[in-house]
Amino acid sequence: MKSPLFDLTTLFLTLSLLAVGGLASVIPEMHREVVEVQGWMSSGTFADLYAIAQASPGPNMMVVTLIGWHVGGLAGAFVATAACCAPSCLLTYFVHGLWDRFKDAPWRRIVQRGLAPVTAGLVLASGYIVTRGAVEDWQAYVVTGITLFVALRTRIHPLWVMAVSGVLGVLGLL
Amino acid sequence: MATGAQPSSPVPPADVTVQDVTLAEIFLGFFTVSAIGFGGVLPWARRMIVEQRHWLTPAEFTDLMGLCQFLPGPNIVNMAICLGSRFRGPLGSVVAVLSLLSAPFTIVLLLALVYARYGQLEMVRGALVGISASAAGLILSIGFKMALPVMRELWMSVIVVLVFIAVGIFHWPLLPVLAVFATAGVLASWLIRW
């Protein structure tokens, strides 16, 4: 019998290299593999794990840690997290070395200038998507708007705004 | 860019960056942003890297972010790799990634244990609604900070808006969108001299 740790490793090694643009782009594929192909969990459990990962601080890849944990306990959590990082990290390390070596090359400046608007558009889009997913009523829109204003126009640490928002949520005001 | 009067700690201007960064500083920087990074680490990471520790200028941050987005893997982990390597070589990369992942790894497992035991707590859910609404505002603010400097030229503004519509509103798959607009952007950048 094949060990689930082995399957976890091969699955996330592969997804790591497919996750161009960030982990969000392979979530559908991850869901298909984990729920339909491997049958490790139901679709509902996957959604729960995803929600817990969203609630946790840190990179949006933490759902991988939870899938590993669900399948193979603590060892599974370690293996899945490491497998999901290793290939993309190695690739980034070497590409960044090259990228740095051609710092002053004209082609690099052209590429850089061409990618900058794409990058900015993507970050704006993900802000919009997160807003649509997280915000359901007008009170929450006010919180989003105030946070945006504070972050753009003041020197107040955003953590304060976030803490106040959390407290408002606990009090049931959102 | 004026940073205000701060006589006790000489803050370098925004276009001057720190070059000599120790492993301890790398660890502290990434550990902190990942531990407070609710709703995504990117806004906190930009704040730490550009505004607080002056590791990169705003323009350099956008450039590096571009590279990290086009490489596979979580963008922020890629950024940790790049900055770690820039300051302290391979060891710097390893330290940066481990410090970025250790706190979230622990916290997410604890959350899962709590969840497995108590199911969905009403209070926790309430807090999350507030935190996510706030986190959304933060990501938007970073988007604006990155978009405004590149929107001085018309073709760049067009790309920003089209990418936003394709991914944000139409939810088109990321891979083809990236392929098309990266090609268009680089072509435009090459043809339209500055």
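Quick mapping for you: the protein sequence lines, in order, are chains E and U. Using the numbering used here, you'd call the opening residue of the first sequence number 346 and step up by one each time. Using the numbering used here, you'd call the opening residue of the second sequence number 2 and step up by one each time. We treat Cβ as the ideally placed atom computed from N, Cα and C, and that holds for glycine.
- Where do the ends of the alpha helix (DSSP H) carrying U/M124 lie? Element bounds for U/M124: E123 to V151.
- Task: Label E/V416 either buried or exposed according to how many other C-beta atoms from any shown protein chain fall within 10 Å of its C-beta, with 16 as the threshold for buried.
- Result: Label assigned to E/V416: buried.
- Item | Selection of the stretch 66–78 of chain U by Cβ proximity to chain E, strictly under 8 Å | Those would be M66, G67, L68, C69, Q70, F71, L72, P73, G74, P75, N76, I77 and V78, in chain order.
- Message: For a test of the three-state rule: what should DSSP assign to U/V1, helix, strand or coil?
- Response: In this structure chain U extends from 2 to 195, so residue 1 of chain U is not present and cannot be described.
- For my contact list, E/L460 and U/F28 are in at a C-beta cut-off of 8 Å; report their separation, rounded to the angstrom. A Cβ-Cβ distance of about 30 Å is found for the pair E/L460 and U/F28, leaving them out of contact under the 8 Å criterion.
- Query: Do the stretch 111–120 of chain U and the stretch 432–446 of chain E make contact, defined as three or more Cβ pairs closer than 8 Å?
  - Reply: No, the stretch 111–120 of chain U is not in contact with the stretch 432–446 of chain E.
- Query: By Cβ distance below 7 Å, which residues in the same chain neighbour U/G5 in space, the five residues on each side in sequence not counted?
  - Reply: Below a pLDDT of 50, predicted positions are generally treated as unreliable, and U/G5, at 42, falls in that range; the measurement from the model is reported next regardless. So the list is empty, once near-sequence residues are dropped.
- Message: Can you tell me where the alpha helix (DSSP H) holding U/N76 begins and where it ends?
- Response: Counting along the chain, the alpha helix (DSSP H) containing U/N76 begins and ends at N76 to Y119.
- Kindly say whether U/D1, judged by its beta-carbon, lies nearer than 8 Å to any beta-carbon of chain E. Residue 1 of chain U cannot be examined here, being either before or after the span of chain U that is shown, 2 to 195.
- May I ask you to list the residues that DSSP assigns as paired with U/P73? According to the DSSP secondary-structure assignment, U/P73 is paired through a beta bridge with E/V365.
- Item | Coarse secondary structure for U/D247, derived from DSSP in three states | This structure gives no information on residue 247 of chain U, because the portion of chain U shown stretches from 2 to 195.
- Message: Using 8 Å as the threshold, is the C-beta distance between U/V109 and E/M507 below it?
- Response: E/M507 is positioned such that its CB atom lies no closer than 8 Å to that of U/V109.
- Return the first residue and the last residue of the alpha helix (DSSP H) that U/V159 is part of. Per DSSP, U/V159 belongs to the alpha helix (DSSP H) from L155 to V164.
- Message: With H, G and I counted as helix, E and B as strand and the rest as coil, what does DSSP make of E/S370?
- Response: Three-state DSSP puts E/S370 in a helix.
- Item | Assigned exposure category for U/G90 - 16 Cβ within 10 Å defines buried | Around the C-beta of U/G90, fewer than 16 other C-beta atoms lie within 10 Å, and the residue is accordingly described as exposed.
- Contact under 8 Å by Cβ, E/P503 with U/P105: No, the Cβ-Cβ distance between E/P503 and U/P105 is not below 8 Å.
- Any idea if E/L443 is buried or exposed, counting beta-carbon neighbours within 10 angstroms, 16 or more meaning buried? So E/L443 ends up on the exposed side.
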